[in-house]
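*Asks:* If you scroll down you'll find the structure; I have some questions about it.
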Amino acid sequence: MLSTSTGYLILFIFGSFFTILTIVMQRRRKTAMTAEQFSTAGRNVGVGLASASIIAAWTWAATLMMSSSTGFQYGISGPYWYAAGACIQVLLFAIVAIHLKRKAPKAHTFLEFIGKRFDKKNHKLMMVFALMTNIIVTSMVILGGAIALNSLTGMNIYIAAFLIPLTFTIYTMIGGLKASFIADYLNTVMIFVILTIFAAAVYMQFGVQTVYEGLRSLPESQQMLTMGSIPGLLFGMINIIGNFGTVFVDQSYWQRAIASKDSAASKAYIYGGIAWFSIPFAIATFLGVTAAGLGLNVGDPDASAPLMAAHVLGTVGSILFLVMLFMAVMSTGAAELTAITNIIVTDIYRKSINPLASSAKTLKVSRIVTLSFGLAMGVFSVLLFSIGIGLGFVYMAMGIFVSGAVIPLTIGLLWKRATNNGCFWGALLGMVSGVTVWNVSAYVMHGAINVESLGHLHSMLFGNLTVFIVSGVISIGHALMSNEQFDFEAMKDSFKSFDDEQEELIVVAKKEVV
Amino acid sequence: MNDKQLIKDAKLCTRWALALTFILIFAFPGVMFVTGYNYSLQFFQGWTYLAFIWLVTAGIYTAVRPWVEYFLEKKRSENV
Chain A
0 MLSTSTGYLI LFIFGSFFTI LTIVMQRRRK TAMTAEQFST AGRNVGVGLA SASIIAAWTW
60 AATLMMSSST GFQYGISGPY WYAAGACIQV LLFAIVAIHL KRKAPKAHTF LEFIGKRFDK
120 KNHKLMMVFA LMTNIIVTSM VILGGAIALN SLTGMNIYIA AFLIPLTFTI YTMIGGLKAS
180 FIADYLNTVM IFVILTIFAA AVYMQFGVQT VYEGLRSLPE SQQMLTMGSI PGLLFGMINI
240 IGNFGTVFVD QSYWQRAIAS KDSAASKAYI YGGIAWFSIP FAIATFLGVT AAGLGLNVGD
300 PDASAPLMAA HVLGTVGSIL FLVMLFMAVM STGAAELTAI TNIIVTDIYR KSINPLASSA
360 KTLKVSRIVT LSFGLAMGVF SVLLFSIGIG LGFVYMAMGI FVSGAVIPLT IGLLWKRATN
420 NGCFWGALLG MVSGVTVWNV SAYVMHGAIN VESLGHLHSM LFGNLTVFIV SGVISIGHAL
480 MSNEQFDFEA MKDSFKSFDD EQEELIVVAK KEVV
Chain B
0 MNDKQLIKDA KLCTRWALAL TFILIFAFPG VMFVTGYNYS LQFFQGWTYL AFIWLVTAGI
60 YTAVRPWVEY FLEKKRSENV
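Protein sequence lines correspond, in order, to chains A and B.
Start counting the first sequence at 0; every next residue gets the next number (numbering that gives the first Met the number 0).
Start counting the second sequence at 0; every next residue gets the next number (numbering that gives the first Met the number 0).
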């Protein structure tokens, strides 16, 4: 195990490095930062940087820890189901991303589109879903980082949970979305390099045959070397359903589409999705499955990856794993923070509080929101720890809370017949019925409603499935029955960039003076 | 970018996204699940090589493409 000071040192080094990098980049810029630049990165990002950023945003601490845990528990089906089950959402998101580009070319958030496509109640409900998604994902990112820091360095888990958000909050507050893109690129490349080192080291030290023989000799060998593993399949189903919510309802993915060039938006998600697949697939195969095959003594499957990393490369392995994990935490954290900031500034501040705010004022508010939310997330994660809710639980339960909005949101963007009431009640009742079924099935199958019974695979699966079925039936069914039609072309010009709005205000003010 | 091009892109990416989803979620695991195939040593070896090669290729793509785009963009702006 590493020393506690190593944990603090890693937090300090990476936090300062990205802050200094952002400051240097800001100084080299020829033009001053505007609110539009802060939230959209100039809408000029190419395929390469956008796909690197998508990979970074989708590589959570859970991707590295949980995928290896599934490999350790379910054998070869675990890595596959983790990778495939969470990759298709990014691939399918390419479809909605390009439709947003066409129908709302100057939107800042997907909620801005919802606000114009549907009525106020839908806008408010979707905002609740979106903020809930961002808060759940950010807390999960912080939880994963804190668990890893604690298990590898012995660092106090509460202090870690509070300090982690500080590292990405400061540079995000200074540089906005563009800084997040650059940090994402560096983090993603580093993750690929470290993973390749681990994969090569495992292969060279143990060879494939040793691992294979080890897996065959395990008591649960019948499921370790086949895709026909039932627990693996159940996990796969939960993974597929749950992750739709955390991509489609998460502003950070829409933001990457908004920031991309028109020609880059859809390609970035396809390329990014295919490239991302390799991360959980490789880490879970080389660290999770291998740990099981070698018979490594792992108390908690969630810790199989860091333990295997230490087993393969000793102290260097632990440090490399920690660095990789911390990079994943930073880039996802920054992506979520910019997403939350954009929602609060665009859909609350500029829509309801101060619609005439100047660019400078909007930028100032954006920075204040970024800082406040970053700090608040640290406190929230500490609270989660103190009530005994861990990473695996949050990961599998998130779909029940956020996936209700997926189908209403998607048909709202793609289908002119989607209705206000159908989408509103579909999303709301989808979530309510999902939570109900989740609780009832936990009680019926395990005799109590508590963190343990709610965390079982079957109750999670029933809850997740119900959300999708109910929200889909209501929103699509109502659309088919009501025969309403929406004109997407008419809304196209109603979106304006912050800079355009600012210019319009100046023109109006001049006219008034004259 | 004009609307026609965006519609064309949308069609192309829809096909790719749906085809890849079908292969990754239904076709490959479906066949493997139904047959209940137990990995032989050779198949397991191929599986790990696939994981490694995919990782390295994806890493190179992710690292290099932004730089290529950056230099092409720079060249284009210099020519203009």
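Quick reminder that beta carbons are idealized off the backbone N, C-alpha and C, glycines included.
In this text the structure is predicted, and so the values were computed from the model without any measurement.
On the DSSP bridge assignment, give the partners of residue 225 (chain A) in chain order.
*Replies:* The residue labelled residue 225 (chain A) in the question sits at position 226 within the first sequence. In DSSP, residue 225 (chain A) forms a bridge with B:37.
*Asks:* How about residue 60 (chain A) and residue 1 (chain A): are their beta carbons less than 9 Å apart?
*Replies:* The count along the first sequence starts at 1 and reaches residue 60 (chain A) at position 61. The count along the first sequence starts at 1 and reaches residue 1 (chain A) at position 2. 9 Å or more divides the Cβ of residue 60 (chain A) from the Cβ of residue 1 (chain A).
*Asks:* With 9 Å as the threshold, decide whether the Cβ of residue 77 (chain B) is near any Cβ in chain A.
*Replies:* Mapped onto the second sequence, residue 77 (chain B) falls at position 78. Cβ-Cβ to chain A under 9 Å: no for residue 77 (chain B).
*Asks:* Given this structure, state the Cα-to-Cα distance separating residue 39 (chain B) from residue 366 (chain A), to the nearest angstrom.
*Replies:* On the second sequence, residue 39 (chain B) is found 40 positions in, with the first residue counted as 1. On the first sequence, residue 366 (chain A) is found 367 positions in, with the first residue counted as 1. When rounded, the distance between both Cα atoms is 56 Å.
*Asks:* Would you say residue 253 (chain A) lies against chain B (beta-carbon separation less than 9 Å)?
*Replies:* As a position in the first sequence, residue 253 (chain A) is number 254, starting the count at 1. No - not a single Cβ of chain B is within 9 Å of the one on residue 253 (chain A).
*Asks:* Have a look at residue 37 (chain B) and residue 373 (chain A) and give me their C-alpha separation to the nearest angstrom.
*Replies:* Start at 1 with the first residue of the second sequence, and residue 37 (chain B) comes out as number 38. Start at 1 with the first residue of the first sequence, and residue 373 (chain A) comes out as number 374. Approximately 47 Å between the Cα atoms of the pair.
*Asks:* Let me make sure I understand the geometry here. Which of A:299, A:335, A:73 and A:413 has the alpha-carbon closest to that of residue 130 (chain A)?
*Replies:* Residue mapping note: residue 130 (chain A) aligns to position 131 of the first sequence, counting from 1. Selected option, being the one with the closest Cα: A:335.
*Asks:* With 7 Å as the limit, tell me which residues of the region 19–48 of chain B have their beta carbon closer than that to any beta carbon of chain A; keep them in chain order.
*Replies:* 19, 20, 23, 24, 28, 31, 32, 35, 36, 37, 38, 40, 43, 44, 46 and 47
*Asks:* Check for me: the alpha helix (DSSP H) holding residue 35 (chain A) runs from which residue to which?
*Replies:* The residue given as residue 35 (chain A) occupies position 36 in the first sequence. It spans 34–39 - the alpha helix (DSSP H) in which residue 35 (chain A) sits, taken as one unbroken run.
*Asks:* Would the beta-carbon of residue 331 (chain A) fall within 9 Å of that of residue 55 (chain A)?
*Replies:* Numbered from its first residue, the first sequence carries residue 331 (chain A) at position 332. Numbered from its first residue, the first sequence carries residue 55 (chain A) at position 56. Cβ distance < 9 Å, so residue 331 (chain A) and residue 55 (chain A) count as in contact.
*Asks:* If you count every other CB in all the chains shown that lies within 10 Å of the CB of residue 76 (chain B), and 16 or more means buried, which is it?
*Replies:* Residue mapping note: residue 76 (chain B) aligns to position 77 of the second sequence, counting from 1. Exposed, by the Cβ-count rule.
*Asks:* Any chance the region 45–53 of chain A sits against the region 59–76 of chain B, with 3 or more Cβ pairs inside 8 Å?
*Replies:* Touching, yes.
*Asks:* Would you decide whether residue 499 (chain A) is buried or exposed? Buried here means 16 or more other CB atoms lie within 10 Å of its CB.
*Replies:* Looking up residue 499 (chain A) in the first sequence gives position 500. Exposed, because fewer than 16 other Cβ atoms sit within 10 Å of the Cβ of residue 499 (chain A).
*Asks:* How long is the line joining the alpha carbons of residue 125 (chain A) and residue 437 (chain A), rounded to whole angstroms?
*Replies:* In the first sequence, residue 125 (chain A) corresponds to position 126, counting from 1. In the first sequence, residue 437 (chain A) corresponds to position 438, counting from 1. Residue 125 (chain A) and residue 437 (chain A): Cα-Cα distance of roughly 22 Å.
*Asks:* Please determine if the region 191–207 of chain A and the region 38–48 of chain A are in contact, where contact requires at least 3 C-beta pairs separated by less than 8 Å.
*Replies:* no
*Asks:* What does the Cβ neighbour count give for residue 222 (chain A), buried or exposed, with the cut at 16 atoms within 10 Å?
*Replies:* For the purposes of this step, residue 222 (chain A) is taken as the residue at position 223 of the first sequence. Buried.
*Asks:* In this structure, what does DSSP give as the bridge partners for residue 44 (chain A)?
*Replies:* Locating residue 44 (chain A) in the first sequence gives position 45, counting from the first residue. Answer is A:259.
*Asks:* Would you call the region 102–121 of chain A and the region 250–262 of chain A touching, i.e. three or more CB-CB distances under 8 Å?
*Replies:* yes
*Asks:* Output yes if chain B places a C-beta closer than 9 Å to the C-beta of residue 602 (chain A); else output no.
*Replies:* The shown model of chain A, from 0 to 513, leaves out residue 602 (chain A), and the question about it has no answer.
*Asks:* Since residue 419 (chain A) contacts residue 121 (chain A) with CB under 8 Å, what's their CB separation in whole angstroms?
*Replies:* On the first sequence, residue 419 (chain A) is found 420 positions in, with the first residue counted as 1. On the first sequence, residue 121 (chain A) is found 122 positions in, with the first residue counted as 1. Indeed they touch by this definition, with Cβ atoms about 6 Å apart.
*Asks:* Applying the 10 Å Cβ sphere with the 16-neighbour rule, what's the burial state of residue 407 (chain A)?
*Replies:* Sequence index remark: in the first sequence, residue 407 (chain A) carries index 408 (1-based). Its Cβ being crowded by 16 or more others within 10 Å, residue 407 (chain A) is buried.
*Asks:* Chain B partners of residue 225 (chain A), CB-CB under 7 Å?
*Replies:* For this step, residue 225 (chain A) is matched to residue 226 along the first sequence. Here the neighbours are 35, 36, 37 and 38.
*Asks:* Say whether chain B places a C-beta atom closer than 9 Å to the C-beta of residue 36 (chain A).
*Replies:* As a first step, residue 36 (chain A) is located in the first sequence; it is residue number 37 there, counting from the start. Taking a beta-carbon distance threshold of 9 Å, residue 36 (chain A) does not count as an interface residue toward chain B.
*Asks:* Terminal residues of the continuous alpha helix (DSSP H) containing residue 347 (chain A)?
*Replies:* Along the first sequence, one-based indexing puts residue 347 (chain A) at 348. Premise fails: residue 347 (chain A) is in no alpha helix (DSSP H) and is neither H nor E.
*Asks:* Does the region 73–90 of chain A come within contact of the region 338–351 of chain A, defined as at least 3 CB pairs closer than 8 Å?
*Replies:* no
*Asks:* Grab me the residues of residue 441 (chain A)'s own chain with a C-beta within less than 6 Å of its C-beta, minus the 5 sequence neighbours each way, in chain order.
*Replies:* Here the question's residue 441 (chain A) lines up with position 442 in the first sequence. Around residue 441 (chain A): 448, 452, 453 and 458.
*Asks:* Residue 479 (chain A): buried (16+ other C-beta within 10 angstroms of its C-beta) or exposed?
*Replies:* Here residue 479 (chain A) corresponds to residue number 480 of the first sequence, with the count starting at 1. Exposed is the call here.
*Asks:* Quick check: the Cα distance between residue 370 (chain A) and residue 53 (chain B), rounded to an integer number of angstroms?
*Replies:* On the first sequence, residue 370 (chain A) is found 371 positions in, with the first residue counted as 1. On the second sequence, residue 53 (chain B) is found 54 positions in, with the first residue counted as 1. If I take the Cα positions, the gap works out to 38 Å.
*Asks:* From the beta carbon of residue 269 (chain A), is the nearest beta carbon of chain B less than 9 Å away?
*Replies:* Within the first sequence, residue 269 (chain A) is the residue found at index 270, counting from 1. Against chain B, the CB of residue 269 (chain A) has a partner CB under 9 Å away; the residue lies at that interface.
*Asks:* Could you name the residues of chain B that residue 492 (chain A) contacts, counting a contact when the two beta carbons are closer than 7 Å?
*Replies:* In the first sequence, the residue the question calls residue 492 (chain A) occupies position 493. Chain B residues near residue 492 (chain A): none, gap ~13 Å exceeds 7 Å.
*Asks:* Grouping DSSP H, G and I as helix and E and B as strand, with all else coil, what is residue 371 (chain A)?
*Replies:* Translated into the one-based positions of the first sequence, residue 371 (chain A) becomes position 372. Helix, per DSSP.
*Asks:* If you reduce the DSSP assignment to three classes, tell me which class residue 467 (chain A) lands in.
*Replies:* If you number the first sequence from 1, residue 467 (chain A) lands on position 468. When secondary structure is reduced to three states using DSSP, residue 467 (chain A) falls in the helix class.
*Asks:* Determine the closest residue to residue 493 (chain A) out of A:101, A:79 and A:7, with distance taken between C-alpha atoms.
*Replies:* Start at 1 with the first residue of the first sequence, and residue 493 (chain A) comes out as number 494. The option with the nearest alpha carbon to residue 493 (chain A) is A:101.
*Asks:* Please check if any C-beta of chain A sits within less than 9 Å of the C-beta of residue 85 (chain B).
*Replies:* With chain B represented from 0 up to 79, any question about residue 85 (chain B) goes unanswered, as that position is not in the structure.
*Asks:* Within 9 Å of any Cβ in chain B, is that where the Cβ of residue 469 (chain A) sits?
*Replies:* Residue mapping note: residue 469 (chain A) aligns to position 470 of the first sequence, counting from 1. False, the Cβ-Cβ gap to chain B never drops below 9 Å.
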